[in-house]
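One structure is given here, and the rest of the page talks about it.
Residue numbers (this note's numbering): 26 to 518.
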């Protein structure tokens, strides 16, 4: 009894100290004008991977990697929030903390599940103390929650999996990021691991509904390490009849779609590609470390971390807008922002059809011209643009600061590539097909979607913060604006 009381006291002290640190940084974080307003983020300090995303008993739960002691990576805890609609969020007490008395230095990424007797359970990677190259091997641990998902205690059966008992290959110590999925009444888990010349996603199965005992089956997917360093944050899940493997391999998130044979536990790839090609000067990928959940209506929702800003702001990192994933007839993913975001729309500006060109009848010439369509008070908007590229070499939309600071955002299309602030993404429109984009600007985050879901791109940049002129642009030809709709977006807080 005394031991249990001591464990609870240590937990309460660790969480109280962490939350006090977050609260102390909240005023500085709130004062930063570049902090996103309608993307999820903690009250202050660092966040990275979304963890344990799940819908249960009327709430969407989001856990996330969190450093409560600063706005750079370190001291990994799990922050926690919940939502009724995936748009408005309620911050909850920090859920997981490193139990130093148990040899934990960090609690790394993982997932959430519900045991057979209805108890919430978080499964994560425990990282021990010491320099990264000399740490003991990671282990897979769990914590059990109360019925309200507020208070958590480390599982008495920890470690659930260790390299000594997992039954699989001799993985190196960086073996981590458990993700649980269910199919046909069976519960499985995938993990990222590497050994010798192989980077792998390993497959395990729960031996009973306690989810405390797991059996290794096989390597679900592999790549040579000369091509790929490691599969961070593997997610394996069905969308309709197609199975999707998402991984974050220290570069933009990659997808592999295919078929999963339950009898042989074999995954047969069909297509592969990049889920979101966005990056910025400070990061090779601005959208990273995905996790998924299923909404009550069956939609598959993908969540990802938007990274990364420089330190010193009192905050760092946010969640990308939740995306519904579907599979197209080519068996490639389609991504669309969730419909619930439309409740954030406020004042609207609309513009009808117009041409970008100014013709000189005498010379028969079409001059380069920018067509002014709008002026934004600040970059906290959603824009829906439909543009016929006409005969242009390049056309698109320009958000240009009027304060003379030189800051601007150009999104343009040259018939092969969509460029977002210079970041390229392959896009090929059919003859006569218009460029149809939904663009979300939120202070320093840009998310762009084609309306058919073929392309999603996340980007961090220094947007102008006031007096933004919006122009339709065309180079070497005439483009035709078919429609322009812009909504101011309310804060989610």
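Beta carbons: idealized from backbone N, C-alpha and C, even for Gly.
Computed from a predicted structure; not experimentally measured.
Task: Outcome for residue 289 when other beta-carbon atoms lying within 10 angstroms are tallied against a minimum of 16 - done: Translated into the one-based positions of the chain shown, residue 289 becomes position 264. Residue 289 comes out exposed.
TODO: Compare the C-alpha of residue 64 against each of 366, 471, 474 and 344 and name the closest.
DONE: Residue numbering aside, residue 64 sits at position 39 when the chain shown is read from its first letter. Cα-wise, what sits closest to residue 64 is 344.
Open item on the list: Please identify the residue among 90, 168 and 45 whose C-alpha is closest to the C-alpha of residue 176.
Closed with: Here residue 176 corresponds to residue number 151 of the chain shown, with the count starting at 1. Answer by Cα proximity: 168.
- [ ] Less than 8 Å between the CB atoms is what I'm expecting for residue 100 and residue 67, so what's the real figure, rounded?
- [x] Within the chain shown, residue 100 is the residue found at index 75, counting from 1. Within the chain shown, residue 67 is the residue found at index 42, counting from 1. The pair is not a contact, with the Cβ atoms about 13 Å apart (cut-off 8 Å).
Open item on the list: For residue 360 and residue 475, what's the separation of their Cα atoms in angstroms?
Closed with: For the purposes of this step, residue 360 is taken as residue 335 along the chain shown, with counting starting at 1. For the purposes of this step, residue 475 is taken as residue 450 along the chain shown, with counting starting at 1. Between the alpha carbons of residue 360 and residue 475 lies a gap of roughly 9 Å.
Open item on the list: Given this structure, state the Cα-to-Cα distance separating residue 34 from residue 43, to the nearest angstrom.
Closed with: Translated into positions along the chain shown, residue 34 becomes position 9. Translated into positions along the chain shown, residue 43 becomes position 18. The alpha-carbon atoms of residue 34 and residue 43 are separated by roughly 14 Å.
- [ ] Output the distance between the C-alpha atoms of residue 181 and residue 221, rounded to the nearest integer angstrom.
- [x] The residue given as residue 181 occupies position 156 in the chain shown. The residue given as residue 221 occupies position 196 in the chain shown. Here the C-alpha atom of residue 181 lies approximately 33 Å from the C-alpha atom of residue 221.
Task: Per DSSP, the bridge partner or partners of residue 330 - done: The count along the chain shown starts at 1 and reaches residue 330 at position 305. Answer by DSSP bridge pairing, in chain order: 313 and 344.
- [ ] Tell me whether residue 448 sits in a helix, a strand or coil according to DSSP, three-state version.
- [x] The count along the chain shown starts at 1 and reaches residue 448 at position 423. Here DSSP, grouped into helix, strand and coil, assigns residue 448 to strand.
Open item on the list: Whether or not the segment 442 to 460 and the segment 259 to 275 are in contact is what I'm after, with contact meaning three or more pairs of Cβ atoms, one per stretch, closer than 8 Å; do they touch?
Closed with: Three or more Cβ pairs closer than 8 Å define a contact, and the segment 259 to 275 falls short of that threshold against the segment 442 to 460.
Open item on the list: Helix, strand or coil, according to DSSP, for residue 74 in the structure here?
Closed with: Stepping through the chain shown from its first residue, residue 74 is reached at position 49. In the three-state scheme derived from DSSP, where H, G and I count as helix and E and B as strand, residue 74 is classed as strand.
Task: Rounded straight-line distance, which links the Cα of residue 362 to that of residue 503 - done: As a first step, residue 503 must be located in the chain shown, where it is residue number 478. As a first step, residue 362 must be located in the chain shown, where it is residue number 337. The straight-line gap separating the alpha-carbon atoms of residue 503 and residue 362 is approximately 31 Å.
Open item on the list: Only counting the same chain, and skipping five residues up and downstream in sequence, which positions put a Cβ closer than 6 Å to that of residue 510?
Closed with: One-based indexing of the chain shown puts residue 510 at position 485. Taking residue 510 as the centre and dropping the five residues before and after it, the same chain places the C-beta of 375 and 409 closer than 6 Å to its C-beta, in chain order.
- [ ] Please confirm whether residue 443 and residue 473 have their CB atoms less than 9 Å apart.
- [x] Counting from 1 along the chain shown, the entry for residue 443 is found at position 418. Counting from 1 along the chain shown, the entry for residue 473 is found at position 448. Annotated as proximal: residue 443 and residue 473, with beta-carbon spacing under 9 Å.
- [ ] State the DSSP-derived secondary structure class of residue 273, mapped to helix, strand or coil.
- [x] Position 248 of the chain shown holds residue 273. Note: residue 273 maps to strand in three-state DSSP.
TODO: Output the distance between the C-alpha atoms of residue 483 and residue 419, rounded to the nearest integer angstrom.
DONE: Taking the chain shown and counting its residues from 1, the one referred to as residue 483 is at position 458. Taking the chain shown and counting its residues from 1, the one referred to as residue 419 is at position 394. Answer to the nearest angstrom: the Cα atoms are 21 Å apart.
- [ ] Report yes if the CB atom of residue 40 is closer than 9 Å to the CB atom of residue 122, and no otherwise.
- [x] The count along the chain shown starts at 1 and reaches residue 40 at position 15. The count along the chain shown starts at 1 and reaches residue 122 at position 97. Yes, Cβ-Cβ distance for residue 40 and residue 122 is below 9 Å.
Open item on the list: For residue 219 and residue 325, what's the separation of their Cα atoms in angstroms?
Closed with: The count along the chain shown starts at 1 and reaches residue 219 at position 194. The count along the chain shown starts at 1 and reaches residue 325 at position 300. Their Cα atoms are separated by approximately 29 Å.
- [ ] With DSSP collapsed to three states, give me the class of residue 162.
- [x] Along the chain shown, one-based indexing puts residue 162 at 137. Secondary structure of residue 162 (DSSP, three-state): coil.
Open item on the list: Taking the beta carbon of residue 416 as the centre, do at least 16 other beta carbons fall within 10 Å, making it buried, or is it exposed?
Closed with: Start at 1 with the first residue of the chain shown, and residue 416 comes out as number 391. Counting the other Cβ atoms within 10 Å of the Cβ of residue 416 gives fewer than 16, which makes it exposed.
Task: Residues that DSSP places opposite residue 115 in a beta bridge - done: Your numbering for residue 115 matches position 90 in the chain shown. 107, per the DSSP bridge assignment.
- [ ] Give a yes or no on whether 9 Å exceeds the smallest Cβ distance from residue 74 to chain D.
- [x] The chain inventory of the structure shown lacks chain D, comprising one protein chain alone.
Task: Cut-off 6 Å between Cβ atoms - residues of its own chain near residue 164, not counting five sequence neighbours on either side - done: As a working note, residue 164 is residue 139 in the chain shown. Taking residue 164 as the centre and dropping the five residues before and after it, the same chain places the C-beta of 151, 184 and 187 closer than 6 Å to its C-beta, in chain order.
- [ ] Please go through the same chain and pick out, in chain order, the residues whose beta-carbon is closer than 7 Å to the beta-carbon of residue 80, but skip the five residues on each side of it.
- [x] Here residue 80 corresponds to residue number 55 of the chain shown, with the count starting at 1. The answer, listed in chain order, is 318, 319, 320 and 321.
Open item on the list: Alpha carbons only, please: which of 131, 280 and 248 is nearest the one belonging to residue 352?
Closed with: Position 327 of the chain shown, counted from the first residue, corresponds to residue 352. Of the candidates 131, 280 and 248, the one whose C-alpha sits nearest the C-alpha of residue 352 is 280.
Open item on the list: For the structure I just gave you, are there three or more beta carbon pairs, one from the segment 122 to 131 and one from the segment 189 to 196, closer than 8 Å?
Closed with: The segment 122 to 131, when compared against the segment 189 to 196, does not touch it at the 8 Å Cβ threshold.
TODO: Label residue 172 either buried or exposed according to how many other C-beta atoms from any shown protein chain fall within 10 Å of its C-beta, with 16 as the threshold for buried.
DONE: The sequence position of residue 172 within the chain shown is 147, counting from 1. Burial check for residue 172: the Cβ neighbour count within 10 Å stays below 16, so the residue is exposed.
TODO: Would you check if the segment 331 to 343 and the segment 294 to 309 touch, i.e. whether three or more CB-CB distances between them fall below 8 Å?
DONE: Because the criterion of three Cβ pairs below 8 Å is met, the segment 294 to 309 and the segment 331 to 343 touch.
TODO: Could you tell me which residues DSSP puts in a beta bridge with residue 248?
DONE: Taking the chain shown and counting its residues from 1, the one referred to as residue 248 is at position 223. DSSP, once it has assigned bridges, lists 224 as partnering residue 248.
Open item on the list: Taking the beta strand (DSSP E) that residue 432 belongs to, which residues open and close that run?
Closed with: If you number the chain shown from 1, residue 432 lands on position 407. Here residue 432 belongs to no beta strand (DSSP E), and DSSP marks it neither H nor E.
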